[in-house]
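Some notes on the structure that comes next.
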Amino acid sequence: MTQVNDSVLHILGETVNLGESKEVNFDVANLHTSSPVNIPVIIERSAKPGPTVLFTAGIHGDEVNGVEIVRQLIAKGINKPKIGTIICMPVINIFGFINLKREFPDGRDLNRVFPGSPNGSLAGRVAHKLIHEIIPHVDLIIDFHTGGSGRFNAPQLRFIKENRELNSLAKVFGAPFVLYSKNVNKSFRTTCYKLGKPLLLFEGGKSFHIDDVVTNSGVNGSKRVLKHLGMLKSNFKASNPKKECIFINDSKWQRAKYSGMFRASITIGSLIKKHDVLGNITDPYGKFNYVVKASNAGYIINVNESPIVYQGDALFHITTKLKR
1 MTQVNDSVLH
11 ILGETVNLGE
21 SKEVNFDVAN
31 LHTSSPVNIP
41 VIIERSAKPG
51 PTVLFTAGIH
61 GDEVNGVEIV
71 RQLIAKGINK
81 PKIGTIICMP
91 VINIFGFINL
101 KREFPDGRDL
111 NRVFPGSPNG
121 SLAGRVAHKL
131 IHEIIPHVDL
141 IIDFHTGGSG
151 RFNAPQLRFI
161 KENRELNSLA
171 KVFGAPFVLY
181 SKNVNKSFRT
191 TCYKLGKPLL
201 LFEGGKSFHI
211 DDVVTNSGVN
221 GSKRVLKHLG
231 MLKSNFKASN
241 PKKECIFIND
251 SKWQRAKYSG
261 MFRASITIGS
271 LIKKHDVLGN
281 ITDPYGKFNY
291 VVKASNAGYI
301 INVNESPIVY
311 QGDALFHITT
321 KLKR
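For the sequence shown, the numbering used here begins at 1 and goes up steadily by one.
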């Protein structure tokens, strides 16, 4: 990992020296009421130089579990490094977070407008500022996300298979699963990749929901990475993962054959065999009961927890090929 040499950190118009702590403001635009919107950026610097790690969450305003993970890193003091610098941005899309919406007020998905533009849409301006005023100062980004509405993701990391550095860091992080995933055009992850900035993308849980297992996976994984980099203070313990990380080459969605009321009967993260019973689709009148059976063997890495589904809706995300 190439290390940025910032003995004096000049960021967002502020100066932060080694050994200093500072909260700076990442501001872009006021609310429509003219009320200012302050997006806090929490910076903790050790007196000893070292790597700079950025923890981000809330790129989507409804993904509160990621916000909770970064909040715990701050509240517990894990973000105070033994060496180097830790920067935390718990809520990047503060506009969506305020309105309990995934997108920005302009309707755009922030994670599809990177690297942004200083004269573009509101989302584009936030993306541009993040890329040009924060990312140049960091060596590693850990970005926390959750599953979509009603769909619960098992804790997992996502990145392209060819990145050896991220493969090594993923083993250190110790999430239950790693899903090899192509870079998505105009995403935060892709832009950082093009800039040579390694980014671990963590997925876990579902929107508008905080889950203790997902939160613990994110916090514990972060501690392991910080310990690996020599940044975790000795008063914190970084426990070994309970199980070895499973690397996934490919996966597919199993979709609903019928519309109706849906109930999954399989636990997230389970290893299933082909034709295993995964759940049921019924009608409201007690006349119809369709048993959902696994189309293939693999691990269940996402479950649709919505009580109502329509024909074609994604029910389960099942691995098809594991790393050899």
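Don't be surprised by glycine CBs; every beta carbon is placed ideally from N, CA and C.
If you're wondering where the values come from, they're calculated on a predicted model, not measured in any experiment.
Distance from the CA atom of Thr320 to the CA atom of Val91, rounded to whole angstroms, is 34 Å. Note on geometry: alpha-carbon atoms of Ser34 and Ile98 lie some 15 Å from one another. At a cut-off of 4 residues, not a single continuous stretch assigned as alpha helix (DSSP H) sits fully inside the region 250-279.
When secondary structure is reduced to three states using DSSP, Leu226 falls in the helix class. The beta carbon of Phe159 sits closer than 6 Å to those of Leu166, all from its chain and outside the five residues before and after it, given in chain order.
Comparing alpha carbon positions, the residue from His132, Ser149, Arg151 closest to Leu195 is His132. Short of 6 Å from the beta carbon of Asp250, and not among the five residues preceding or following it, lie these beta carbons of its own chain, in chain order: Thr320, Lys321. Scanning the region 154-216 for uninterrupted alpha helix (DSSP H) segments of 4 residues or longer gives 164-173, 188-194, listed from N- to C-terminal end. Less than 8 Å separates the beta-carbon of Val53 from that of Val138.
Between Ile300 and Ser265, the CB-CB gap reaches or exceeds 8 Å. Note on the region 102-138: whole alpha helix (DSSP H) runs with a minimum of 4 residues are 122-133, in chain order.
About 5 Å separates the Cβ atoms of Ile210 and Glu68, confirming a contact at the 8 Å cut-off.
In the three-state reduction of the DSSP assignment, Glu44 falls in the strand class, which pools E and B.
Around the C-beta of Asp27, fewer than 16 other C-beta atoms lie within 10 Å, and the residue is accordingly described as exposed.
Per DSSP, the unbroken alpha helix (DSSP H) holding Leu73 starts and ends at 64-75.
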